[in-house]
Amino acid sequence: HKSQTTMKFSPRFATAALIMTSISSIAQTSDAYHPSKIGTPGKPWGVDDYKLWRDTRVKSRCYFDLAPRIQALDEITCSKTNAKLFEVVQYGELPHMVDDPTAKNFPLFAVRSAEWSSEKPNVFVTGGVHGYETSGVEGAILFLTGGKAAHYSQHFNILVVPCVSPWGYERIQRWTAKGTDPNRSFNPDGEIVEGRSFNPEPATDESTALIRFLREDMGHVSEDDWTCHLDLHETTDTDETEFRPAKNARDGKPIDGEKGEIPDGFYLVQDVTSPTPEWFTAMMDSVRKVTHIAPADAEGKIIGESISQEGVIAIPNKKSLGLCAGVTNAKYRTTTEVYPDSPSATPEQCNRAQVACIEGALEHLLSVL
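Everything in the sequence shown is counted per my numbering, starting at 2 for the first residue and increasing by one.
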């Protein structure tokens, strides 16, 4: 039977609206403090440059408004049996990284099936690895609160980490407070290939905490025991206007001013070592009911990468690149990419597209496992 979700918390926690916080700080959009203007051209950033970058990133919303919504997921029950479906666990905390001794550390939360069974396949969903990508966070929460997770929990063990990077969430930033891309930090010993768009970066507090949680608290599930991992992301206009110039400035590389083409629509990132084409087709078919799929550019590519099938790009092994989607050895693994700046998609559609992708993925697994 399909269970429905019963929530026991105040409706004010159910809103997906962004809570904006007003602070007195240097405007992030100021030309003087655009990341590309920080540091000495041609030289990698030093300690003072990283601190200037961090101190001039504006807090735009509050993680401590999001945290109660995540904690409330502990109260989801099955409407038919009243059985508890999920439990919320705190798997660590991160320093706030501001010059304020009263600032609280960020608690890190995971939501997992209350009754974990060795007889069920294991499903892992991560959101907010890049904290600025809102639909990754909201999509992960919506999947758990929208009713279908109760149904899927009958067939799968489910682990969801809705917001891996709280500092980036608050400041709407791609990087961590230490100026590292968290979605390149899950394999700091990975090979760096000059000129490649995907290369590993140093380990972060965010990736270290998540890896420790998987190996210790979730140690009963080995890397090979995970069936599926969906890492929820967005591709935004600021990837080209802010974050690519920031990366070049940080690394002491030329800032050429050229902007890559941002695809208008949803797409997926496939690991060439685990193609599973039918699975990707199922996800695309589910997502297109909610929003449009990204077309190829004039060269037949998406973000400069080759396309393996409609709306799907193929990249090298994700573990070797330090991507979060490579943190397990799940056969079925992907990174989702929603385009929130599209004139043809609302924030609600972006959140629903993430959920549709998860549901399409799980429906396919139900048909083949």
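Note that beta-carbon positions come from the ideal geometry of N, C-alpha and C, so glycine has one too.
N-terminal and C-terminal residue of the beta strand (DSSP E) that residue i is part of
i, result
"residue 110", "107-114"
"residue 272", "268-272"
"residue 171", "Not the beta strand (DSSP E): residue 171 falls in the alpha helix (DSSP H), residues 167-172."
"residue 346", "Where residue 346 is concerned, there is no enclosing beta strand (DSSP E), given that its DSSP letter is neither H nor E."
From the options, residue whose alpha carbon lies closest to that of residue i
i, options, result
"residue 218", "336, 34, 89", "89"
"residue 97", "38, 46, 166", "166"
"residue 99", "57, 138, 135, 71", "57"
"residue 270", "133, 38, 315", "315"
"residue 362", "282, 254, 71", "282"
"residue 139", "213, 103, 354", "354"
Distance between residue j and residue i (C-alpha atoms, nearest Å)
i, j, result
"residue 67", "residue 239", "23 Å"
"residue 106", "residue 310", "43 Å"
"residue 291", "residue 313", "17 Å"
"residue 183", "residue 35", "20 Å"
"residue 204", "residue 262", "29 Å"
"residue 289", "residue 136", "16 Å"
"residue 25", "residue 101", "For residue 25, the pLDDT reaches just 29, beneath the cut-off of 50, and the residue's location in the model is therefore unreliable, although a value from the coordinates is still provided. Going from the Cα of residue 25 to the Cα of residue 101 covers about 14 Å."
"residue 193", "residue 252", "14 Å"
"residue 224", "residue 181", "25 Å"
"residue 27", "residue 38", "For residue 27, the pLDDT reaches just 34, beneath the cut-off of 50, and the residue's location in the model is therefore unreliable, although a value from the coordinates is still provided. Distance between the alpha carbons of residue 27 and residue 38: 14 Å."
"residue 77", "residue 260", "44 Å"
"residue 200", "residue 364", "32 Å"
"residue 285", "residue 43", "42 Å"
"residue 254", "residue 215", "36 Å"
"residue 267", "residue 339", "5 Å"
"residue 265", "residue 326", "23 Å"
"residue 48", "residue 79", "51 Å"
CB contact check: residue i to chain D, cutoff 8 Å
i, result
"residue 65", "You won't find chain D in this structure, because it holds only one protein chain."
Run of the alpha helix (DSSP H) containing residue i, from where it starts to where it stops
i, result
"residue 51", "48-56"
Worksheet item: Do the region 153-163 and the region 183-198 make contact, defined as three or more Cβ pairs closer than 8 Å?
Response: With a cut-off of 8 Å, the region 183-198 and the region 153-163 do not count as touching, because too few Cβ pairs lie within range.
Worksheet item: Is it a yes or a no for the region 242-250 touching the region 140-150, going by three-plus beta-carbon pairs under 8 Å?
Response: By the Cβ criterion, the region 242-250 is not in contact with the region 140-150, since fewer than three pairs of Cβ atoms, one from each stretch, lie closer than 8 Å.
Worksheet item: Counting pairs of beta carbons, one from the region 61-71 and one from the region 169-177, are three or more of them closer than 8 Å?
Response: The answer is yes - the region 169-177 touches the region 61-71, with three or more Cβ pairs under 8 Å.
Discussion item. Check whether the region 112-132 and the region 68-87 touch, using three or more Cβ-Cβ pairs below 8 Å as the test.
Written reply: Counting Cβ pairs under 8 Å, three or more are found: they touch.
Worksheet item: Is it a yes or a no for the region 316-325 touching the region 293-304, going by three-plus beta-carbon pairs under 8 Å?
Response: Because the criterion of three Cβ pairs below 8 Å is not met, the region 316-325 and the region 293-304 do not touch.
Worksheet item: Where are the alpha helix (DSSP H) runs, 4 residues long or more, that stay fully inside the region 192-217, in chain order?
Response: With a minimum length of 4 residues, the continuous alpha helix (DSSP H) runs that stay inside the region 192-217 are 206-216.
Discussion item. Taking contact to mean 3 or more Cβ pairs, one atom from each stretch, closer than 8 Å, check whether the region 340-350 and the region 269-286 are in contact.
Written reply: With the rule of 3 Cβ pairs closer than 8 Å, the region 340-350 does not count as touching the region 269-286.
Worksheet item: On the three-pair Cβ rule with 8 Å, is the region 354-366 touching the region 325-343?
Response: Output reads yes: the region 325-343 touches the region 354-366.
Worksheet item: Which ranges does the alpha helix (DSSP H) cover as unbroken runs of at least 4 residues, wholly within the region 73-158, from first to last along the chain?
Response: For the region 73-158, whole alpha helix (DSSP H) runs of length 4 or above, ordered along the chain, are 135-146, 149-153.
Fill in: In chain order, each alpha helix (DSSP H) run of at least 4 residues that lies wholly inside the region 218-263
Within the region 218-263, the complete alpha helix (DSSP H) runs of at least 4 residues are 245-251.
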